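Numbering (this note's numbering), first residue to last: 73 to 473. What follows is a set of notes on a single structure, which appears directly below.
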Amino acid sequence: MTNTQTKSQRHFGFHQRRQYRGYRLLLVTVVALLIGLIYLLYWWNFAGRFVVTNDAYITGNLAPLKAQTSGTVVDVRVDNTQHVQQGDVLVRLDGLQAQVALERAEANLADSVRQIETAFSQADMLRQKLASKEAILNRSRKDLARYRSVAGDGAVSAQQIENSEFQVRELEADVRQIRAELGGAEALIQNTSPADNPKVLQAVAALKQAYLDNARQQIVAPVSGFVAKRTIQPGEQVRPETPLLAIVPLDYLWVEANFLENELADVQPGQPVEITVDLYGSDVVYHGEVQGLGAGTGSVFGLLPPDNATGNYIHIVERVPVRVGLRAEELKANPLRPGLSAVVRIDTVHPGRSVLEPLTTTPATAYKTEVYDHQLDGADALIQKIIEGNRQSKKSGDVAK
């Protein structure tokens, strides 16, 4: 092979390698541009539009049920995971002591009514006695005046006049004593009747309390939901504020998502939200909306709030809780439980409203119960029966018949 051919082959190989390097560089450039374009599209359609956090949890109402009176548990009618309706009897206490206390309160009310009736009778008797004494006193004063008018003629002796004077003074003292006794008696009954006298009303209040304690021997469910954390057992002695169990309504839940403070500039109430939970995975997507932002970071409401004005300072990016509402129909289709982990994605491009105008509202029934409104039903009728049955006027009418 000649030198000319060798040089020609070398030139051709160099040109081929150079062309190949150019193709590779072009390919790398195209791939880099495609990656940049894809990232730009991703940022434009996702990263720049959504804020995402996995520091989010399902939250709901936990209604703790506690004893309202003392007693011994004799019947526990529910267990954990069981569903109960509002007003169902869940726990029953031994009602013997409550029944005895109620009977004692009934007897006390009857005794109070009779005592006040006696006070009314005593006051009436003192009025009659006072009228009688005043009549005698007036007659004695007139006699004394007549005696003095004829004393100069010798028709009446000085001794008789003196006796009349002493009699008038004695009657005046009796009248003053009766008036004082009448004032004390009227102070107990002034401007009242046996039904509304303070002593009777005090006994009425005690009877209502005993009646209420007796009614509360049956502990009912304040709301509908599922039973959790049942710790009470038959035979246990409970007192007011003793925790018995908790009721968790699962038809009204929401998400509390904790976003970094530098992610919240564009988050507003009313923006749409997509939520996935670990329970169902990414196959089930819940749709909600931002209802409001927390009034402070989590550290502010901690047991020991931070005091950054003392000691060494370290800048920490705080998190702010964001409340996200869930749709009732989606909760019904795929039920959730408080405490479940979630991933929340907020569409910040969608227009919302000012953070000072949250969408959070109080549902009509979620924070309301009427099961305790009727525990005193029948108490007023019982009180009226006791009062009427112990009135002196009623007894006198019965005797007259």
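Don't be surprised by glycine CBs; every beta carbon is placed ideally from N, CA and C. In this text the structure is predicted, and so the values were computed from the model without any measurement.
Backbone CA spacing between residue i and residue j [nearest angstrom]
{"i": "VAL102", "j": "ILE110", "result": "12 angstroms"}
{"i": "THR348", "j": "THR441", "result": "32 angstroms"}
{"i": "ASN330", "j": "ARG395", "result": "9 angstroms"}
{"i": "VAL345", "j": "ARG409", "result": "19 angstroms"}
{"i": "LEU260", "j": "ASN133", "result": "52 angstroms"}
{"i": "VAL247", "j": "GLN239", "result": "12 angstroms"}
{"i": "VAL185", "j": "ALA173", "result": "18 angstroms"}
{"i": "GLU234", "j": "GLU206", "result": "20 angstroms"}
{"i": "ASN462", "j": "GLU178", "result": "11 angstroms"}
{"i": "ARG311", "j": "GLN194", "result": "44 angstroms"}
{"i": "GLN447", "j": "ARG288", "result": "8 angstroms"}
{"i": "ARG164", "j": "GLY360", "result": "41 angstroms"}
{"i": "ALA278", "j": "ILE418", "result": "57 angstroms"}
{"i": "LYS201", "j": "ARG220", "result": "28 angstroms"}
{"i": "THR369", "j": "ASP338", "result": "17 angstroms"}
{"i": "THR433", "j": "LEU403", "result": "18 angstroms"}
{"i": "THR153", "j": "ASN384", "result": "49 angstroms"}
Three-way DSSP call (helix, strand, coil) for residue i in this model
{"i": "TYR129", "result": "strand"}
{"i": "ASN263", "result": "coil"}
{"i": "TYR480", "result": "This structure cannot settle anything about residue 480, because the visible part of the chain is limited to 73 through 473."}
{"i": "TYR444", "result": "coil"}
{"i": "ASN330", "result": "strand"}
{"i": "ALA101", "result": "Rather than Ala, the amino acid found at residue 101 in this sequence is Thr. The answer is helix: DSSP assigns THR101 an H, G or I state."}
{"i": "ILE455", "result": "helix"}
{"i": "PHE192", "result": "helix"}
{"i": "GLU361", "result": "strand"}
{"i": "ALA337", "result": "coil"}
{"i": "SER468", "result": "Note that SER468 scores 43 on pLDDT, short of 50, meaning its location in the model is unreliable; the coordinates nonetheless yield the value given after this. Reduced to three states, the DSSP call for SER468 is helix."}
{"i": "ALA257", "result": "helix"}
{"i": "ARG251", "result": "helix"}
{"i": "LYS280", "result": "helix"}
{"i": "VAL389", "result": "coil"}
{"i": "SER426", "result": "coil"}
{"i": "ALA179", "result": "helix"}
{"i": "GLN291", "result": "Inspection of the sequence shows that residue 291 is occupied by Ile rather than by Gln. Correct three-state label for ILE291: strand."}
{"i": "VAL240", "result": "helix"}
{"i": "ILE110", "result": "helix"}
{"i": "SER371", "result": "coil"}
{"i": "ASP225", "result": "helix"}
{"i": "LEU168", "result": "helix"}
{"i": "ARG121", "result": "coil"}
{"i": "GLU346", "result": "strand"}
{"i": "GLN305", "result": "coil"}
{"i": "PRO315", "result": "strand"}
{"i": "ASN462", "result": "coil"}
{"i": "ALA438", "result": "coil"}
Within 8 angstroms, strictly: CB atoms of residue i and residue j
{"i": "GLY397", "j": "GLY342", "result": "no"}
{"i": "PHE522", "j": "HIS422", "result": "Shown here, the chain extends from 73 to 473; a query on residue 522 therefore has no answer."}
{"i": "GLU308", "j": "VAL150", "result": "no"}
{"i": "PHE192", "j": "PRO266", "result": "yes"}
{"i": "LEU412", "j": "ILE130", "result": "yes"}
{"i": "GLU335", "j": "PRO393", "result": "no"}
{"i": "ALA451", "j": "TYR324", "result": "no"}
{"i": "ALA257", "j": "LEU198", "result": "yes"}
{"i": "ILE319", "j": "LEU137", "result": "yes"}
{"i": "ARG302", "j": "LEU317", "result": "yes"}
Cβ-Cβ separation, residue j to residue i (assumed contact under 8 angstroms), whole Å
{"i": "ALA139", "j": "THR314", "result": "4 angstroms"}
{"i": "THR125", "j": "VAL416", "result": "6 angstroms"}
{"i": "LEU162", "j": "ILE291", "result": "6 angstroms"}
{"i": "ASP285", "j": "THR141", "result": "5 angstroms"}
{"i": "VAL148", "j": "PRO294", "result": "At roughly 17 angstroms, the Cβ-Cβ gap does not stay under 8 angstroms, so VAL148 and PRO294 are not in contact."}
{"i": "ALA128", "j": "ALA405", "result": "Not quite, the Cβ-Cβ distance comes to about 20 angstroms (not below 8 angstroms), so this is no contact."}
{"i": "GLY143", "j": "ASP166", "result": "5 angstroms"}
{"i": "LEU273", "j": "ILE455", "result": "In fact, because the Cβ distance is near 10 angstroms, the residues do not count as touching under 8 angstroms."}
Quiz item: Can you give, in chain order, each stretch of the beta strand (DSSP E) that sits fully within the region 133-157 and has at least 3 residues?
Solution: 135-138, 143-148
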